[in-house]
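In the working numbering, the protein residues as written are 1 to 408.
Think of the CB as a built atom: it goes at the ideal place given N, C-alpha and C, for glycine as much as any other residue.
Quick look at the structure:
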């Protein structure tokens with residue numbers, strides 16, 4: 001009978017694990033297959049059903065002692081179990097209608113992984129592993145703000161934990177912010193994932209979203225026994241990074257800020273994939289000055305790598321007004337907007353304004369705009385080796401965790 005030895009420091013989904021399989025036939029080719037059940041993937045389409053099965057498989061050779069070590073890539077060109085995991089893809093494209101009600105949106109706190117070993121068509125053995133986005137010790141509470149919805153993640157056994165507000169991007173809704181918030185909570189933070197449009201009772205589109213949403217979230221955290229009111233952080237991704245940077249330039253409560261794929265400009269809003277002809281954001285009932293979206297600019301950047309011209313300088317976000325350290329995570333191959341150029345512009349402005357807090361820029365060569373949670377399969381970038389995408393994503397996530405630990 002086969003023996004499976006899993007080596008892992010954590011059951012969390014953002015942590016690597018190793019695998020050694022013993023009692024195989026010596027010097028024999030075997031197939032290792034991974035099947036994921038109830039798997040949520042932040043890089044997948046929003047409406048892909050969580051019931052969709054995911055699978056990856058590869059051929060390996062056991063050594064002369066009938067042993068196969070998949071803990072790391074080796075001289076025999078075997079890929080590691082984590083590289084195989086990263087190759088997982090949906091076996092079907094089962095779509096589901098997304099609920100507009102927060103209470104009906106699933107948490108997806110864990111997934112189950114089945115590892116099977118075959119010789120030819122014969123099953124030699126299998127084992128099952130459960131991996132967590134949200135550890136069983138973490139509780140959650142659904143919140144209704146005046147113009148936002150939230151999911152609050154906390155450990156009942158811990159009080160006055162450093163707290164992080166999480167904002168996702170132009171997808172809207174709660175799922176992606178929630179996935180990030182669950183993991184951060186499982187690493188020892190109290191977290192609040194916010195949906196600021198796209199759910200029942202909220203704005204239908206990403207236009208004229210009030211910055212006061214963040215003030216409400218701050219007020220809630222300051223009253224919570226599970227959050228330390230003087231250790232508040234803010235995480236934003238894509239349009240959420242734009243939102244976060246604007247909010248932090250208006251509210252001085254944040255001790256640190258992480259921006260994943262940011263913009264240095266306040267940009268025009270969106271009605272699905274059309275221009276809204278309005279700002280994305282408002283403050284005290286007034287639209288904030290914005291830079292309009294022009295398809296000409298988009299294609300010039302995409303094809304000719306040209307940056308924006310004729311920028312509306314009133315739309316430049318006053319990043320120097322933020323009240324704490326800043327981490328910028330950017331890809332040089334961002335396919336949505338020039339996040340790397342934004343980081344350069346932000347740093348230049350901080351230097352010109354003699355910014356008194358430390359700031360850190362982490363730029364990546366292989367991944368693109370979707371640079372999110374460690375070890376979540378990402379097949380968006382077909383021309384780049386998956387192990388390079390995995391390395392970029394994993395590093396950016398570890399830098400995020402380390403930054404919050406150091407500054408909160």
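Inclusion of residue 142 and residue 103 in the CB contact set at 7 Å is warranted, their separation being smaller than that value. With a cutoff of 7 Å on beta-carbon distance, residue 165 and residue 227 are scored as not near each other. Per the Cβ contact rule, the segment 185-205 is in contact with the segment 136-153 (3 or more Cβ pairs under 8 Å). Rounded to whole angstroms, the Cβ separation of residue 396 and residue 362 is 6 Å, and the two are in contact under 8 Å. For the segment 227-278, the continuous alpha helix (DSSP H) assignments of 4+ residues that do not extend past its boundaries occur at 239-250, in sequence order. Contact check for residue 64 and residue 25: beta-carbon distance about 11 Å, past the 8 Å limit, so the pair fails to qualify.
For residue 49, same chain residues with a beta-carbon under 7 Å away, outside a window of 5 residues either side, are 94, 95, 96 in chain order.
Shown here, residue 364 sits in a strand according to DSSP, grouped into three states.
Note that the C-beta distance between residue 319 and residue 346 is below 7 Å. Assignment of beta-bridge partners to residue 130 by DSSP yields 112. In the DSSP assignment, residue 139 falls outside any alpha helix (DSSP H) and lies within the beta strand (DSSP E) extending over 138-144. Taking each of 330, 108, 124, 115 in turn and checking the Cα distance to residue 136, the smallest one comes out for 108.
Sequence-distant Cβ neighbours of residue 88 in its own chain, meaning closer than 7 Å and more than five residues away, are 34, 36, 54, 55, 56, 377. Each residue's CA atom was taken as its position, placing residue 199 and residue 101 some 6 Å apart.
The alpha-carbon separation between residue 399 and residue 360 amounts to approximately 10 Å.
The Cβ-Cβ distance between residue 367 and residue 325 does not fall below 7 Å.
Taking 7 Å as the cut-off, the Cβ atoms of residue 331 and residue 371 count as close. When secondary structure is reduced to three states using DSSP, residue 380 falls in the coil class, being assigned neither helix nor strand. In this structure, the beta-carbon distance from residue 6 to residue 23 does not fall below 7 Å. Secondary structure remark: continuous beta strand (DSSP E) runs of at least 3 residues inside the segment 13-88, in chain order: 18-22, 29-37, 54-61.
C-alpha of residue 193 to C-alpha of residue 66: approximately 47 Å in a straight line. DSSP, reduced to helix, strand and coil, places residue 95 within a strand of the structure shown.
Residue 183: member of the alpha helix (DSSP H) spanning 175-186, first to last residue.
When secondary structure is reduced to three states using DSSP, residue 354 falls in the coil class, being assigned neither helix nor strand. Residue 164: member of the beta strand (DSSP E) spanning 161-167, first to last residue. With 16 or more other CB atoms across the displayed protein chains lying within 10 angstroms of its CB, residue 205 is buried.
Taking all protein chains shown into account, residue 239 has 16 or more neighbouring C-beta atoms within 10 Å of its C-beta and is therefore buried. Close CB contacts of residue 126 within its chain, under the 8 Å cut and outside five residues either way in sequence, are with 114, 115, 116, 117 (chain order). Rounded to the nearest whole angstrom, the CA to CA distance from residue 379 to residue 15 is 20 Å. Residue 271 counts as exposed, since fewer than 16 other C-beta atoms from the protein chains shown sit within 10 angstroms of its C-beta.
Annotated three-state conformation of residue 189 is coil, per DSSP. In the displayed model, residue 397 falls within a helix according to three-state DSSP. Taking 7 Å as the cut-off, the beta carbon of residue 280 is found no closer than this to the beta carbon of residue 265. Taken atom to atom, the span from the alpha-carbon of residue 252 to that of residue 92 is near 47 Å.
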